Amino acid sequence: MTTPQIPAARLGPVARFRARRRHRRLPALPSGVPVLSPTDLANSSLCEHRACQDRLVKLGLLAAPDVTPDPMAVRLAAQGIRHEADLAAAFADSGVSVVEIPSGDWPAAAEMTRRAMGAGVQVIYQAALVSADGRRHGYADFLLRVDESSGFGGWGYEPADAKLAVTPHDEHWLQVADYGAMLDDVQGRPPARVHILAGDGTCHTRTWDDVTGAYTAAAARLAVLAAGGQTAPPEPCDACGLCRWSEDCGARWISAEHLSVVKVAAPTRRKLAEAGVTTVSQLAAAAPAELAKACGSSRSTLDKAAARARLWQAAESIGQPLVAVTDPELLADLTDPSTADRFIDFEADNSGPGHANTAELFYLFGDCDGDGTYRAVWAHDPHEEHQALLATLDLIEQTTAAGGRVIHYGPYERTSLRTLAARHGEPVERVDAALESELVVDLLAVARRAIITSSGGYGLKALEVLYAPDLRAGHTALDAAAAADGHERFVATGDLGCLEPVRAYNAADVISTVEMTRWLRSLADVAAGEYVVCGPSTYHAIPTKSSR
72 MTTPQIPAAR LGPVARFRAR RRHRRLPALP SGVPVLSPTD LANSSLCEHR
122 ACQDRLVKLG LLAAPDVTPD PMAVRLAAQG IRHEADLAAA FADSGVSVVE
172 IPSGDWPAAA EMTRRAMGAG VQVIYQAALV SADGRRHGYA DFLLRVDESS
222 GFGGWGYEPA DAKLAVTPHD EHWLQVADYG AMLDDVQGRP PARVHILAGD
272 GTCHTRTWDD VTGAYTAAAA RLAVLAAGGQ TAPPEPCDAC GLCRWSEDCG
322 ARWISAEHLS VVKVAAPTRR KLAEAGVTTV SQLAAAAPAE LAKACGSSRS
372 TLDKAAARAR LWQAAESIGQ PLVAVTDPEL LADLTDPSTA DRFIDFEADN
422 SGPGHANTAE LFYLFGDCDG DGTYRAVWAH DPHEEHQALL ATLDLIEQTT
472 AAGGRVIHYG PYERTSLRTL AARHGEPVER VDAALESELV VDLLAVARRA
522 IITSSGGYGL KALEVLYAPD LRAGHTALDA AAAADGHERF VATGDLGCLE
572 PVRAYNAADV ISTVEMTRWL RSLADVAAGE YVVCGPSTYH AIPTKSSR
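Have a look at this one:
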């Protein structure tokens with residue numbers, strides 16, 4: 072049959088396949104070769120160093136790092152489990168036969184999966200697959216029955232993996248292809264197709280021929296790493312933020328003066344390496360003009376990188392963060408915050424009822440004045456979101472008309488207002504006219520042009536430690552994950568108390584922007600190129616209550 076359609080998820084019956092006490096014995100593995108999973112394959116495609124470290128852990132040769140789980144990683148994992156369960160319930164509610172394979176005992180689970188396939192079950196949830204040589208194990212989210220013959224008879228199976236992402240990534244296709252390869256061993260032929268069930272309800276499909284080339288190459292490379300034939304040094308990648316090895320790698324990079332510590336991008340690092348520059352010290356000592364000719368990077372890029380390298384060296388030598396001003400005139404154009412100014416920050420969530428299948432809801436529009444008087448405007452449904460949009464546009468227009476500034480950090484607020492105007496049928500021209508005022512200031516753009524720091528980063532939290540390190544003191548969960556979880560709990564329970572972490576997080580971000588404005592203005596009299604030791608400024612306590 073064709074891939075089952077995925078109806079709106081509702082809780083429904085999912086059968087549990089019962090285990091038999093006898094099961095097929097899996098082949099013994101040679102010593103020194105760990106069992107690999109499709110997750111290992113996906114991870115290694117992003118970072119080979121991670122694959123090497125994980126291998127040592129599996130073999131008992133290295134202890135896994137004892138790190139506090141990243142709140143956002145925990146949140147995403149919980150959302151992923153819920154997404155899988157909702158899909159399983161949706162399949163069951165659509166009338167197809169669904170069985171769930173209990174996890175735990177690998178041989179027993181693999182035998183139960185084989186029995187379910189032999190029985191022709193239409194959807195097998197959490198199917199346990201094992202390669203013929205026993206070296207690869209994995210729980211496929213779903214096996215979907217298709218009317219194409221296999222070793223089981225006139226039917227066969229294709230793997231489908233559930234992912235929160237709306238657009239599947241390359242590593243997702245490698246992962247589901249690994250399930251397909253193991254499925255080949257079980258049913259006697261590879262699947263004709265593999266599927267990704269995305270977070271927005273879309274089923275993305277590729278043929279086996281489309282994925283097998285990339286899969287074969289990635290699997291062969293992982294086999295080399297898993298056998299200990301090669302090692303891979305750590306390199307920054309997109310997976311660092313959610314990786315358990317990130318703290319260990321970060322310490323290594325600082326110790327080795329890796330160019331990433333001064334935010335030199337990977338393409339530039341590769342060019343510099345060809346010119347013999349691989350450390351911060353080498354970059355700081357290099358002549359940018361000669362280096363630009365040697366490696367082919369732009370002079371401007373290397374001038375900035377070398378300046379960051381010298382600043383980082385100076386900060387390391389005194390053990391304190393430093394900042395250098397590159398454009399004092401731009402900072403002089405700022406004025407200290409006043410009560411006429413408004414500072415804004417929005418919060419949005421797409422994980423309410425229907426979560427990934429619904430449009431993102433902008434549920435909190437926070438603002439405060441230059442004295443730190445904070446206000447929260449909540450929007451718990453589309454109508455309230457529309458009203459909050461209109462109120463925010465009124466606020467921007469009235470503030471700038473009176474000569475006050477509207478200050479935000481980064482492009483998010485601007486793009487959000489345009490998105491909301493289009494969603495609610497408001498003239499986008501009104502939004503554009505409001506945002507075109509020179510009194511609407513993106514403070515991130517100012518910071519990028521006017522200063523460099525020894526940390527090299529320009530994220531709000533990264534800069535905040537330079538001017539208001541104690542702003543969030545006394546609050547245990549002022550992070551994005553806690554805020555998003557609080558909003559989800561409010562949606563589920565209606566308990567207004569769940570919104571307190573959301574309000575506190577947003578208030579901290581808005582007030583931090585006030586303090587950054589004051590701090591940047593204080594640097595206007597610093598001579599270009601002069602280093603300044605960073606320290607805390609006066610900051611406002613986060614208010615305990617906000618208006619509805």
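Here the working numbering runs 71 ahead of the position in the sequence shown, where the first position is 1.
Every residue gets a Cβ at the ideal spot worked out from N, C-alpha and C, and that includes glycine.
Remember, it's a predicted structure, so these values are computed and weren't measured experimentally.
Would you grab the beta carbon distance between V581 and Y445 for me? Rounded to a whole angstrom, and I think it's under 8 Å.
As a first step, residue 581 is located in the sequence shown; it is residue number 510 there, counting from the start. As a first step, residue 445 is located in the sequence shown; it is residue number 374 there, counting from the start. V581 to Y445, Cβ: 6 Å. Contact.
Alpha-carbon spacing of G270 relative to Q246, whole angstroms:
Locating residue 270 in the sequence shown gives position 199, counting from the first residue. Locating residue 246 in the sequence shown gives position 175, counting from the first residue. Straight-line measurement puts the Cα of Q246 at about 17 Å from the Cα of G270.
What's the gap between the Cα of I523 and the Cα of V394?
Stepping through the sequence shown from its first residue, residue 523 is reached at position 452. Stepping through the sequence shown from its first residue, residue 394 is reached at position 323. Answer to the nearest angstrom: the Cα atoms are 6 Å apart.
Which ranges does the alpha helix (DSSP H) cover as unbroken runs of at least 4 residues, wholly within the segment 129 to 158, from first to last along the chain?
Entirely contained in the segment 129 to 158, not one alpha helix (DSSP H) run reaches 4 residues.
Residues of its chain near G225, where Cβ-Cβ distance is below 8 Å and the 5 sequence neighbours each way are ignored
Locating residue 225 in the sequence shown gives position 154, counting from the first residue. So the qualifying residues of the chain are D218.
What does the Cβ neighbour count give for G441, buried or exposed, with the cut at 16 atoms within 10 Å?
Residue mapping note: residue 441 aligns to position 370 of the sequence shown, counting from 1. G441 is buried by the Cβ-count criterion.
Would Q193 pass as a contact of Y210 if the rule is Cβ separation under 8 Å?
To locate residue 193, count along the sequence shown from 1; it is residue 122. To locate residue 210, count along the sequence shown from 1; it is residue 139. No.
According to DSSP, simplified to helix, strand and coil, what is L200?
Residue mapping note: residue 200 aligns to position 129 of the sequence shown, counting from 1. L200 carries a strand assignment under DSSP once its states are collapsed to helix, strand and coil.
Just mark R264 as buried or exposed, buried being the case when its beta carbon has 16 or more other beta carbons within 10 Å.
Your numbering for residue 264 matches position 193 in the sequence shown. Its Cβ being crowded by 16 or more others within 10 Å, R264 is buried.
Ordered along the chain, which non-local residues of its own chain (more than five positions away) have a Cβ less than 6 Å from that of S202?
Residue mapping note: residue 202 aligns to position 131 of the sequence shown, counting from 1. Hits under 6 Å: M253 and D256.
Please report the distance separating the alpha-carbon of A187 from that of I152.
Position 116 of the sequence shown, counting from 1, holds the residue named residue 187. Position 81 of the sequence shown, counting from 1, holds the residue named residue 152. If you take the alpha carbons of A187 and I152, they lie about 22 Å apart.
Judging by CA-CA distance, which residue of R574, A298, D319 and A297 is the nearest neighbour of E306?
Against the sequence shown, residue 306 aligns to sequence position 235. Closest by alpha carbon: D319.
Other residues of its chain near A310: CB distance less than 8 Å, five sequence neighbours each side excluded:
Locating residue 310 in the sequence shown gives position 239, where the first residue counts as 1. So the qualifying residues of the chain are N114, L117, C118 and R121.
Option nearest T349 by Cα separation, candidates P359, L330, V167 and Y529
Residue mapping note: residue 349 aligns to position 278 of the sequence shown, counting from 1. Of P359, L330, V167 and Y529, the residue nearest in Cα terms is L330.
If you follow the alpha helix (DSSP H) that R323 is in, where does it begin and where does it stop?
On the sequence shown, position 252 is the one that residue 323 refers to. Boundaries of the alpha helix (DSSP H) harbouring R323: S317 to A327, taken from the DSSP string.
Sorted by chain position, which residues of the same chain lie with C-beta nearer than 6 Å to G475's C-beta, five sequence neighbours on each side aside?
The residue labelled residue 475 in the question sits at position 404 within the sequence shown. Same-chain partners within the cutoff: A411 and D412.
Evaluate P140 with the Cβ neighbour count: other Cβ atoms within 10 Å of its Cβ, from every protein chain shown; 16 or more gives buried, anything less gives exposed.
Position 69 of the sequence shown, counted from the first residue, corresponds to residue 140. Around the Cβ of P140, a 10 Å sphere holds fewer than 16 other Cβ atoms; the residue is exposed.
Taking its Cβ as the centre, do 16 or more other Cβ atoms sit within 10 Å of D596, making it buried, or is it exposed?
On the sequence shown, position 525 is the one that residue 596 refers to. D596 is exposed by the Cβ-count criterion.
Alpha carbon of E387 to alpha carbon of G600, nearest angstrom
Position 316 of the sequence shown, counted from the first residue, corresponds to residue 387. Position 529 of the sequence shown, counted from the first residue, corresponds to residue 600. Just so you know, the alpha carbons of E387 and G600 end up roughly 17 Å apart.
Considering only DSSP beta bridges, list what R206 is partnered with.
As a working note, residue 206 is residue 135 in the sequence shown. Its beta-bridge partners do not exist; DSSP assigns none.
Give the straight-line distance between the Cα atoms of H243 and K234, rounded to the nearest whole angstrom.
As a first step, residue 243 must be located in the sequence shown, where it is residue number 172. As a first step, residue 234 must be located in the sequence shown, where it is residue number 163. Approximately 8 Å between the Cα atoms of the pair.
Close Cβ partners of S618 (< 6 Å) along its chain, the five nearest in sequence each way excluded
Walking along the sequence shown from the start, residue 618 turns up at place 547. Reliability of the predicted coordinates at S618 is poor, the pLDDT of 36 falling under 50, and the value obtained from them is presented with this limitation in mind. The residues R446, in chain order, have a CB closer than 6 Å to that of S618 in the same chain once the five nearest residues on each side in sequence are set aside.
Between the C-alpha atoms of L147 and Q258, what's the straight-line distance to the nearest angstrom?
Here residue 147 is taken as the residue at index 76 of the sequence shown, counted from 1. Here residue 258 is taken as the residue at index 187 of the sequence shown, counted from 1. Roughly 33 Å separates the two Cα atoms.
Below 8 Å, can you find three or more Cβ-Cβ pairs linking the segment 126 to 136 to the segment 149 to 167?
As far as the Cβ criterion goes, the segment 126 to 136 does not touch the segment 149 to 167, which means the pair count is below three.
Give me the DSSP bridge partner(s) of G224.
The residue given as residue 224 occupies position 153 in the sequence shown. As DSSP reads the structure, G224 sits in a beta bridge with S221.
Going along the chain, which residues of its own chain have a beta-carbon closer than 8 Å to the beta-carbon of I325, five neighbours each way excluded?
As a working mapping, residue 325 is identified with position 254 in the sequence shown. Cβ within range, chain order: V332.
Member of L158, S583 and S526 whose CA lies at the smallest distance from the CA of D541
Looking up residue 541 in the sequence shown gives position 470. Comparing Cα-Cα distances from D541 to each of L158, S583 and S526, the minimum goes to S583.
So S526 and A533 are in contact, right, with Cβ under 8 Å, and what is the actual spacing, rounded?
Translated into the one-based positions of the sequence shown, residue 526 becomes position 455. Translated into the one-based positions of the sequence shown, residue 533 becomes position 462. By a beta-carbon distance limit of 8 Å, S526 contacts A533. Their separation comes to about 6 Å.
For P359 and R370, which I take to be in contact (beta-carbon distance under 8 Å), what is that distance rounded to the nearest angstrom?
For this step, residue 359 is matched to residue 288 along the sequence shown. For this step, residue 370 is matched to residue 299 along the sequence shown. Indeed they touch by this definition, with Cβ atoms about 6 Å apart.
When you compare only the Cα positions, how much space is there between W279 and P261?
Indexing the sequence shown from 1 puts residue 279 at position 208. Indexing the sequence shown from 1 puts residue 261 at position 190. Using only the alpha carbons, I get a separation of about 8 Å.
Member of F223, G222, T238 and R216 whose CA lies at the smallest distance from the CA of A231:
For the purposes of this step, residue 231 is taken as the residue at position 160 of the sequence shown. Considering only alpha carbons, the answer is R216.
In whole angstroms, what is the alpha-carbon distance linking Q301 and H275?
Looking up residue 301 in the sequence shown gives position 230. Looking up residue 275 in the sequence shown gives position 204. One C-alpha to the other measures close to 35 Å.
Please state whether DSSP places C314 in a helix, a strand or coil.
Within the sequence shown, the letter at position 243 stands for residue 314. Looking at C314 - three-state DSSP - the assignment turns out to be coil, as it is neither helix nor strand.
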